[in-house]
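For the sequence shown, position 58 matches number 125 in our numbering, and the numbering has no gaps at all. Cβ atoms here follow ideal geometry from the backbone N, Cα and C, with glycine treated the same way. Notes follow the structure.
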Amino acid sequence: MNKYDERYEIRLAKHSDIENIMSFLDTYWREGHIMARDRELFEYEYVNGDTVNFVLAIDKGTQLIEGIFGFLNCSQTPDSTKKDIWGSMWKVVDTHDNIPFLGVELARRVFALTGCRTQIGNGANPNTTIPLRRMFFGDKVARMQQYYLLNNEIDEYKIAIIQNKDSADYEVTDNGTFLVEFNSIDDVKRNFDIDRVESIPYKDYWYINKRFFNHPYYKYNVYGLQDANRKTGALMMTRTIECNGSKIMRIVDYIGDQQLFASLGKNFASLLKEHEYEYIDFYTLGFNEKHILSAGFKLRTDHDPNVIPNYFEPFVRKNADIWAHYKFDGTLFFKADGDQDRPNQLKKNP
Numbered sequence: 068m069n070k071y072d073e074r075y076e077i078r079l080a081k082h083s084d085i086e087n088i089m090s091f092l093d094t095y096w097r098e099g100h101i102m103a104r105d106r107e108l109f110e111y112e113y114v115n116g117d118t119v120n121f122v123l124a125i126d127k128g129t130q131l132i133e134g135i136f137g138f139l140n141c142s143q144t145p146d147s148t149k150k151d152i153w154g155s156m157w158k159v160v161d162t163h164d165n166i167p168f169l170g171v172e173l174a175r176r177v178f179a180l181t182g183c184r185t186q187i188g189n190g191a192n193p194n195t196t197i198p199l200r201r202m203f204f205g206d207k208v209a210r211m212q213q214y215y216l217l218n219n220e221i222d223e224y225k226i227a228i229i230q231n232k233d234s235a236d237y238e239v240t241d242n243g244t245f246l247v248e249f250n251s252i253d254d255v256k257r258n259f260d261i262d263r264v265e266s267i268p269y270k271d272y273w274y275i276n277k278r279f280f281n282h283p284y285y286k287y288n289v290y291g292l293q294d295a296n297r298k299t300g301a302l303m304m305t306r307t308i309e310c311n312g313s314k315i316m317r318i319v320d321y322i323g324d325q326q327l328f329a330s331l332g333k334n335f336a337s338l339l340k341e342h343e344y345e346y347i348d349f350y351t352l353g354f355n356e357k358h359i360l361s362a363g364f365k366l367r368t369d370h371d372p373n374v375i376p377n378y379f380e381p382f383v384r385k386n387a388d389i390w391a392h393y394k395f396d397g398t399l400f401f402k403a404d405g406d407q408d409r410p411n412q413l414k415k416n417p
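This is the structure:
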């Protein structure tokens with residue numbers, strides 16, 4: 068017990084709290100936010116069996132929620148040495164006389180309440196979350212890298228703004244990587260042993276199935292990367308985005324042998340041409356850069372004259388940085404981690 072416990076009930080949320088959490092988000096996070104309006108999406112993201120993935124601070128006097136710390140599971144493993152979570156929505160009511168650093172206390176409690184090995188985050192606010200994570204948790208912080216591969220056959224770019232078409236050649240190898248699409252989690256299980264992959268965060272079949280095969284809004288493509296012997300050594304997840312009468316492809320997750328990525332240049336060139344994508348982009352942190360460059364990608368730098376947008380709901384034709392925080396060296400980050408590749412606009416009625 069400490070001073071926070073004297074004033075607040077701090078606990079994991081339950082199903083009966085969902086309506087109040089959504090109302091809290093609408094009032095204190097952002098009015099009309101999708102998580103305050105679409106209960107189906109809210110439950111898809113945060114409900115985990117009998118619990119809801121929010122740590123709540125409820126004032127014992129008023130019975131009102133004064134703070135929340137949302138998180139997302141990377142797996143369903145009961146093994147505490149593998150259990151990793153991503154931080155999500157983190158907010159304390161700042162117009163009330165709450166105990167200072169209540170939000171930090173909620174973030175600390177998540178370890179005991181979930182038994183997780185580590186709590187990591189991407190999409191963190193560089194002006195608020197990043198300094199707090201560094202100061203109170205000793206986290207390492209870094210900016211994710213955005214790599215992109217242009218389709219130079221496009222005459223008019225309607226999504227990107229391209230001032231410089233210079234591109235790198237991809238590496239041609241005798242033993243290229245084969246790209247095979249998997250249409251179900253059963254296809255994945257038959258071809259890829261996910262438990263042989265040692266990485267932080269640890270992701271399992273449950274996560275792959277939920278995140279990429281059963282998403283309520285988005286259609287993802289799940290590919291197996293196979294070597295010359297047709298052995299699947301990695302998974303790559305992508306999403307096609309249509310905007311402004313054009314389209315792009317985003318690599319949003321990757322699990323497994325990174326070296327296989329280096330030999331995908333020919334495959335990517337075919338995808339660009341076949342689907343008339345303006346470009347393929349790849350936000351990541353911790354991935355071996357030489358393999359990405361070998362596949363023909365360029366790193367978007369601060370001095371790059373090209374604009375490779377990140378936001379599409381609504382569309383913002385500007386470059387954007389994504390900040391991440393983590394504890395352990397070697398932690399990997401991708402665009403679909405946490406709540407970064409998440410809808411921001413409600414489904415349109417048919």
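Tell me the rounded alpha-carbon separation between residue i and residue j.
| i | j | result |
| --- | --- | --- |
| Arg263 | Asn192 | 34 Å |
| Lys81 | Leu180 | 13 Å |
| Asn115 | Phe328 | 33 Å |
| Pro167 | Lys127 | 17 Å |
| Ile125 | Asn189 | 27 Å |
| Tyr285 | Leu108 | 11 Å |
| Asp369 | Ser337 | 29 Å |
| Pro381 | Lys314 | 15 Å |
| Thr94 | Asn87 | 10 Å |
| Gly99 | Tyr237 | 45 Å |
| Ala476 | Ile85 | No answer is possible for residue 476: it lies beyond the span of the chain, which begins at 68 and ends at 417. |
| Pro198 | Asp253 | 42 Å |
| Glu223 | Ile389 | 27 Å |
| Val319 | Thr162 | 37 Å |
| Asn276 | Arg106 | 20 Å |
| His282 | Arg384 | 26 Å |
| Thr144 | Ile221 | 45 Å |
| Lys149 | Arg184 | 6 Å |
| Leu131 | Leu123 | 10 Å |
| Glu110 | Arg278 | 13 Å |
| Arg97 | Ser83 | 22 Å |
Counting only the same chain and skipping the five closest in sequence on each side, list residues whose C-beta sits under 7 Å from that of residue i.
| i | result |
| --- | --- |
| Gln326 | His358 |
| Arg317 | Thr305, Arg306, Ile308, Asp348 and Lys402 |
| Leu139 | Glu112, Asn120, Ile152, Trp153, Ser155, Gly405 and Asp406 |
| Gln74 | Just to set this straight, residue 74 is Arg in the shown sequence, not Gln. If we look at Arg74 and ignore the five residues flanking it on each side, its Cβ neighbours are Asp126, Lys127 and Ile166. |
| Thr351 | Met211, Gln212, Phe400 and Phe401 |
| Cys141 | Asp151, Ile152, Trp153, Pro268, Tyr269, Lys270 and Tyr274 |
| Glu76 | Ile125 and Lys127 |
| Cys310 | Ile226, Phe379 and Phe382 |
Which one or two residues does DSSP pair with residue i in a beta bridge?
| i | result |
| --- | --- |
| Asp206 | Beta-bridge pairing links Asp206 to no other residue. |
| Arg78 | Leu123 |
| Phe178 | Phe178 is not bridged to any residue. |
| Tyr393 | Lys207 |
Give every residue of the same chain whose Cβ lies closer than 8 Å to the Cβ of residue i, excluding the five residues on either side of it in the sequence, and list them in chain order.
| i | result |
| --- | --- |
| Pro417 | Per-residue confidence for Pro417 stands at a pLDDT of 48, beneath the threshold of 50, marking its modelled position as unreliable; the derived number appears in the next sentence. Answer for Pro417: no residue qualifies. |
| Ala387 | Pro376, Asn377 and Tyr378 |
| Trp157 | Ile135, Phe136, Gly137, Gly170, Leu173, Ala174 and Thr196 |
| Val288 | It should be noted that the sequence gives Asn, not Val, for residue 288. Answer for Asn288: Glu248, Met304, Thr305, Arg306 and Thr307, listed in chain order. |
| Phe280 | Ser251, Ile252, Tyr287 and Val289 |
| Ser234 | Leu216, Leu217, Asn219, Gly363 and Lys365 |
Under DSSP, the alpha helix (DSSP H) around residue i begins and ends at which residues?
| i | result |
| --- | --- |
| Arg74 | Lys70 to Arg74 |
| Trp153 | Looking at the DSSP string, Trp153 is not in any alpha helix (DSSP H); the run it does join, the beta strand (DSSP E), is Asp151 to Val159. |
| Gly332 | Gly332 to His342 |
| Glu220 | That residue, Glu220, is in no alpha helix (DSSP H); it is neither H nor E in DSSP. |
| Phe109 | Arg106 to Tyr113 |
| Tyr272 | Tyr272 to Ile275 |
| Leu360 | Glu356 to Ser361 |
First and last residue of the beta strand (DSSP E) that includes residue i?
| i | result |
| --- | --- |
| Glu309 | Thr299 to Cys310 |
| Ser251 | Neither: Ser251 is in no beta strand (DSSP E) and is coded neither H nor E. |
| Ser313 | Ser313 to Gly323 |
| Glu86 | Element bounds for Glu86: not the beta strand (DSSP E) but the alpha helix (DSSP H), Ile85 to Phe91. |
| Asn192 | Note, Asn192: premise wrong, no beta strand (DSSP E); not H, not E. |
| Ile135 | Ile132 to Asn140 |
| Thr351 | Tyr346 to Leu352 |
| Asn288 | Asn288 to Gln293 |
Looking only at its own chain, which residues have a Cβ that is under 6 Å from the Cβ of residue i, when we skip the five neighbours before and after it?
| i | result |
| --- | --- |
| Lys207 | Tyr393 |
| Ala427 | Outside the shown range of the chain, which is 68 to 417, sits residue 427, and nothing can be said about it. |
| Tyr214 | Phe349, Ile359, Phe364 and Leu366 |
| Ser361 | Glu238 and Ala329 |
According to the Cβ coordinates, are residue i and residue j closer than 7 Å?
| i | j | result |
| --- | --- | --- |
| Ala227 | Tyr344 | no |
| Leu302 | Gly323 | yes |
| Gly363 | Leu399 | no |
| Thr244 | Ser330 | yes |
| Pro410 | Ile187 | no |
| Lys232 | Asn218 | no |
| Tyr290 | Glu341 | no |
| Glu133 | Val177 | no |
| Leu79 | Thr129 | no |
| Lys246 | Asn334 | The question names Lys, yet the displayed sequence has Leu at residue 246. Yes, the Cβ-Cβ distance between Leu246 and Asn334 is below 7 Å. |
| Gly312 | Lys415 | no |
| Asn355 | Gln230 | no |
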